[in-house]
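Protein chains in written order, with our numbering: chain R, 1 to 348; chain A, 1 to 348; chain U, 1 to 348; chain C, 1 to 348. Glycine residues also receive a C-beta, built at the ideal position from the N, C-alpha and C atoms. Remarks on the structure that follows.
Number of protein chains: 4
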Amino acid sequence: MAYDRGKRKKYLKKVVSPVRIKPSASISELLSGMGETAFQGKNLSRAVDVWEEMLKGRTTVFFGLAGALVPAGMRELVVYLIKNRYIDCLVSTGANLFHDIHETLGRYHYQGHPHVDDRILRDAGIDRIYDVFALEGEFNAVDRYLYDFSFVLEKRPYTTREFLYLLGKDLAKRGEAEGIVLAAYRNGVPVYCPAVGDSSIGIALALRDGETNFLFDTIGDVKETAHLASNAKASGVIFAGGGTPKNFIQQTEVTACLMGKRAPGHRYAIQITADAPHWGGLSGCTFEEAQSWGKIAKKSSRVTVNCDSTIALPIIVSALSQRVKGVKRVLPDLSLKNSHRVKKRIWE
Amino acid sequence: MAYDRGKRKKYLKKVVSPVRIKPSASISELLSGMGETAFQGKNLSRAVDVWEEMLKGRTTVFFGLAGALVPAGMRELVVYLIKNRYIDCLVSTGANLFHDIHETLGRYHYQGHPHVDDRILRDAGIDRIYDVFALEGEFNAVDRYLYDFSFVLEKRPYTTREFLYLLGKDLAKRGEAEGIVLAAYRNGVPVYCPAVGDSSIGIALALRDGETNFLFDTIGDVKETAHLASNAKASGVIFAGGGTPKNFIQQTEVTACLMGKRAPGHRYAIQITADAPHWGGLSGCTFEEAQSWGKIAKKSSRVTVNCDSTIALPIIVSALSQRVKGVKRVLPDLSLKNSHRVKKRIWE
Amino acid sequence: MAYDRGKRKKYLKKVVSPVRIKPSASISELLSGMGETAFQGKNLSRAVDVWEEMLKGRTTVFFGLAGALVPAGMRELVVYLIKNRYIDCLVSTGANLFHDIHETLGRYHYQGHPHVDDRILRDAGIDRIYDVFALEGEFNAVDRYLYDFSFVLEKRPYTTREFLYLLGKDLAKRGEAEGIVLAAYRNGVPVYCPAVGDSSIGIALALRDGETNFLFDTIGDVKETAHLASNAKASGVIFAGGGTPKNFIQQTEVTACLMGKRAPGHRYAIQITADAPHWGGLSGCTFEEAQSWGKIAKKSSRVTVNCDSTIALPIIVSALSQRVKGVKRVLPDLSLKNSHRVKKRIWE
Amino acid sequence: MAYDRGKRKKYLKKVVSPVRIKPSASISELLSGMGETAFQGKNLSRAVDVWEEMLKGRTTVFFGLAGALVPAGMRELVVYLIKNRYIDCLVSTGANLFHDIHETLGRYHYQGHPHVDDRILRDAGIDRIYDVFALEGEFNAVDRYLYDFSFVLEKRPYTTREFLYLLGKDLAKRGEAEGIVLAAYRNGVPVYCPAVGDSSIGIALALRDGETNFLFDTIGDVKETAHLASNAKASGVIFAGGGTPKNFIQQTEVTACLMGKRAPGHRYAIQITADAPHWGGLSGCTFEEAQSWGKIAKKSSRVTVNCDSTIALPIIVSALSQRVKGVKRVLPDLSLKNSHRVKKRIWE
């Protein structure tokens, strides 16, 4: 069989250079070495590179947090991201925020096992999250805190951002230990929770008698995040897991486009996922698919790391912390002024 | 090695009986045969059995619809479930409802391919959902319909159930073709969308200038579903995929329990999932884990089918349709009277 | 944004037509309906089409059997494939053949549970395969049968095909119940087991004292299968799972090519897999990747169904049995004459 | 609901301690921190602990290498494992060894992309392994080397261990660069390849005209590995991927048991896998399932890490290299004397 040798140059540019084990290597050095390999090890390495790129420009970095990552010990890591402004806007499931407040209020999650008799746990008042255990009674104390907190809210709509900001403020006033909600409040990082009803936060608030007084401004969340993305010099997205945070951050570009605003697509994109594209769901979809929608820019730095976030995040962020030491980040403009204004629509 | 033979009886009760191929077998018969086997084939068969059990008692059947199942051709199947009252309450992602309305309004999804150059699709105005294509311009027409519709809403909070009911009514009034939202309206099946902002429905509504007039009563959704579950003689859950629908349905028992209401745990449970428990997320978690939380009853009929819903649903529902022919279902009470009342809380 | 409408025609050819539930539908009809949808449901449907195509031409159909499918109740199905000549050559893991003989000799597998205390099973002499149980003592009886059988073999190399043929003959002589090995013997379907040592067959044969008398002609297996593929008018491959059967069947084209023989690539290809391409392994790799190696023809009918084989196989084969009723298959030439001859090599 | 508080102590022993990002942390320190968390991050950490345990005792460490890890840049890492005797016996797929020799002979793998037109690659003579490219012509040169090498073999059976030892010797004699086969030869680490026919090694050997002269002693491999495991003071297993290497190493205990030899089950067990138990295959099965067969000891240190090996291996081995610095390993006895003797069988 005669081969067409002319095309080879295009494809064969860089050899796989086997990773070498050096006991003296730092995390960042190991990751650099893994960047010369293939499969998901290469992708893990590339995630550090893309994140570093984001931080070196004036990028608005959106971070989507899904999966039970706070019970699984990722709370301090997210606090680190916020305090060092590796991220500028957090979109989270309600559960992660609930479990964050749980720890902020001095309660614990416990190391457990996935192979137990859950009926015995039930009898003991222990709730299980894969291999994490927690006391249901302690969760109820958080429910009560949120329930009580809700009475300070006025009879008006609140975006989840404002709600969580006020919650952070309340935790600060009480002198609680720093966690995600609290650090975000202190560091001016907006936090959105698009499915807030679908979590123990929603449950706690549902314990009020009668129709709730205050309301969530669900659509306000959509507008604000589209505004933030549209106003960004450049935007980047990082998804730990999929779920509502991933889609909610992706859709900012679609919303902005329909509003006739600037919507170039996110320029940087990292996702850490244990899902796969072939099931057709949004959680597992590729960034290429997102390009067809204009969510991700046609020219973009992007990488998918197929890995559990509890492995990938600590390693990526540790390597990043070693790389960007001393880099002074130029923070993006997160002003929400006029975020509710929509002057025209795509059909106008 | 000497074995303890006494324990064998407990474990060795039923032999695996290899499935036999008979060209004359109906879908139901084939599924029955698969019930004598193992792995996911057995689980698929068992799903039909558990669903049949639900329909024979006075069970309130909650159905969670996640993943892009409507674009993938599952719309008529869900309509069938609603019209034949195989389900009593639907909890869906916003996307599935948006795509349902898209088809109701006479638009199409197209059979495509996952391996295409998405930048070319972008230029052509084609949005991709794995191997499904659709015209962005046609989506915009749906956006516009929803945008226009929203102006009839009053300045007050609406549960997503009420919002979707009114939408169904509007579609009916317009004489549109039957779809999920429309069939649910006609058949008295409540539909909830806990993350409505996180979808093209949310995007369309975000196109209104200024603060939105009407609001979503996010917490009202939580209350109503807890009320429905607590009032059920028995409740059953069926999850196609995970996401917000799964957790939202599961949490009804937790909410009811915190409200001091009846919360025995769901008695029947089926999930069709391509996720796995070992990633720790709620989408992939087992029903056993849910038992530790009291979401699923300690004594319950339950099965997890690890399979793509686009395979499992048509087969399960076809087999079910052959089994329950002629069975007159006793519909559960779905009254929402006083669903907003909470007389006490767990700590009171 | 102005779209390039010219390109749309190429992409938007066929609408997704939602599958309709009809209680009267046959399995084949349901599958046809699913072919109008998307995701894995469409692929399942397409697998029936591609297999049907194979049977209508004079195709040599290779079937790779991996995963513990026989313990899971797929034994009769494989027998059906052999007797109806839906397949012409079987490549299997050793375990599946061992478990087949186990049932042929009148022993059983049992329906069990994945969540048990395996240490208790150990004490009871029960071996577990996910949710299948079996008695270790009964396996030992099969070990003994194979051990005894091996003494009839002469001091010479045997391909696994010949070994398994003789085994089938012995089972026939003993008047045992029909299973895979026996049906293959009777129907002239060659069976290969490329990793025969890696199974209980290998274990049983290792119980002989001293160096084994007879030997496996490992390389003979490679030659023969390359010969079969190269001599085929057209070849098709069907993989239930990955493992050695998948690669072994794929590599026939590479071997033939290196031998300077006809190696056009397999023209039809179906794989049923729960693996994914992004882990980089051969088991999860795409047929497109296989095209780069020349294993699969550039022009080929091919489909990957992401699904457990215990779901997909019974459904696909049932539908197929309804479709091809009455079709008289023209059997391919499976002669192995001169299969050991290699006249030249690619570098000569 | 009244809880049974007595049972809590048993379950709530150790809190999840969120991992903290410290730029100064070494890989080993980060991993220690991850050991205080949950999900797969905890398991990754535990893998280092279990491996360390193995090295501190006189353990025979079996390492199973599956998946295309050598093309993906894991070659030097395996060489490191061999040279530092982190492992004592390697069981590999044929492909990994073939690709190792490819690089030993001075050829390369290239960093590529999974989304390419494979028909173009075909025309260019480029073979793809997910995101790795290689020149088919260069593979042919390895084929030729192996083909030529085979002529030095005598007309007798060779275990794959002996075959690969002689291959290593030949590579050494030629003065080639160190790789897996060569390092194993030099360091006295036996290498087995249970499915050698199912790889390019098998293909190359199949290019000889007529019946092959030399033969593989397939059953000899089974005996030798059972002998090594049975003679070990304690044995440990590490699986990168599943496939034949995993089962082949697991089955050593079953073989030894049937031979009436010492078979306590492997005492240490680590697996890195992207597979899941619920598909029922051996590649994804749990170590608990293996306990029912006696493959893994009832009392054993074991951990499953659900992760791509190209991520997990470099991190685990780097951390291990930092931990065991200065530890002088006591090498196990790997003598194969009388490994072919079987004095009795379980039924005697």
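In the DSSP assignment, the beta strand (DSSP E) including U/D100 goes from what residue to what residue? Here U/D100 belongs to no beta strand (DSSP E); instead the alpha helix (DSSP H) covers G94 to T104.
is_contact[A/F133, chain C] using C-beta, thresh 8 Å: no
From the DSSP output, which residues share a beta bridge with R/N306? R/T273
Using only the alpha-carbon positions, how far apart do R/I203 and C/R8 sit? 25 Å
Report the residue ranges of all alpha helix (DSSP H) runs contained in full by the stretch 236-272 of chain C; include only those spanning at least 4 residues, in chain order. 243-258
Mind checking the stretch 299-313 of chain C against chain A and listing, in chain order, the residues whose C-beta falls within less than 7 Å of any C-beta there? N306
Start-end ranges of the beta strand (DSSP E) lying completely within the stretch 279-341 of chain C, minimum 3 residues: 296-306
Could you please tell me which residues of the stretch 36-61 of chain C, in chain order, have their CB closer than 8 Å to any CB of chain A? A38, F39 and Q40
Throw me the rounded Cβ distance for the A/L146 and A/E224 pair, which I believe falls under 8 Å. Not really, about 22 Å apart at Cβ, beyond 8 Å.
Residue burial classification, U/K325 (beta-carbon count within 10 angstroms, cutoff 16): exposed
Would you mind working out which of R/P114, R/R58, R/K56 and R/V19 sits nearest A/G280, comparing C-alpha positions? R/P114
Is the stretch 307-320 of chain C in contact with the stretch 41-58 of chain C, if contact means three or more CB pairs nearer than 8 Å? yes
Could you give the residue range of the alpha helix (DSSP H) that holds R/L146? E136 to S150
Tell me which same chain residues have a C-beta within less than 7 Å of the C-beta of C/R75, skipping the five on either side of it? D100, E103, G179 and I180
Going residue by residue through the stretch 145-214 of chain U, where are the continuous alpha helix (DSSP H) segments of at least 4 residues, counting only ones entirely within it? 160-173, 180-187 and 200-205
A/L258 and A/R345: beta carbons closer than 8 Å? yes
Tell me whether the beta-carbon of R/Y268 lies closer than 8 Å to the beta-carbon of R/E53. yes
According to the neighbour-count rule (16 or more other Cβ atoms, all chains shown, within 10 Å of its Cβ), is R/W293 buried or exposed? buried
How many angstroms separate the CA atom of A/V15 from the CA atom of C/L166? 49 Å
For U/Y108, which three-state DSSP category applies? coil
Quick one: does U/E289 have its CB under 8 Å from some CB of chain C? yes
Looking at C-alpha atoms only, which residue of C/S200, C/D117 and C/S300 is the closest neighbour of R/K10? C/D117
Going by DSSP, what residues sit across from U/T59 in a beta bridge? U/A234
Let me check understanding here. Comparing Cα to Cα, which of R/T273, R/A234, R/D275 and R/G242 lies closest to R/K299? R/A234
When you compare the CB positions of R/G210 and A/H227, do they come within less than 8 Å of one another, or not? no
Residue from R/A72, R/R122, R/C285 and R/V303 whose Cα sits closest to the Cα of C/S17: R/A72
Just tell me which of C/G243, C/L320, C/N247 and C/I270 has its CA closest to the CA of C/A95. C/G243
Taking the alpha helix (DSSP H) that C/D123 falls in, what are its first and last residues? D118 to A124
Proximal residues of chain C, C-beta to C-beta of U/P264 below 9 Å: Those within 9 Å of U/P264 in chain C number zero; the least Cβ separation is about 12 Å.
Helix, strand or coil for R/G35, going by three-state DSSP, please let me know. coil
For chain R, find out if any of its Cβ atoms is closer than 8 Å to the Cβ of C/L77; answer yes or no. yes
Please classify U/L12: does DSSP put it in a helix, a strand, or coil? coil
Can you name, in chain order, every residue of its own chain whose Cβ lies under 6 Å from the Cβ of R/S200, other than the five neighbours on each side? F98
Can you give the Cα-Cα distance for A/Y158 and A/L164, rounded to whole angstroms? 9 Å
Short CB-CB distance (under 8 Å) between U/I87 and chain A: no
Below 8 Å between beta carbons: does that hold for U/I27 and A/L77? no
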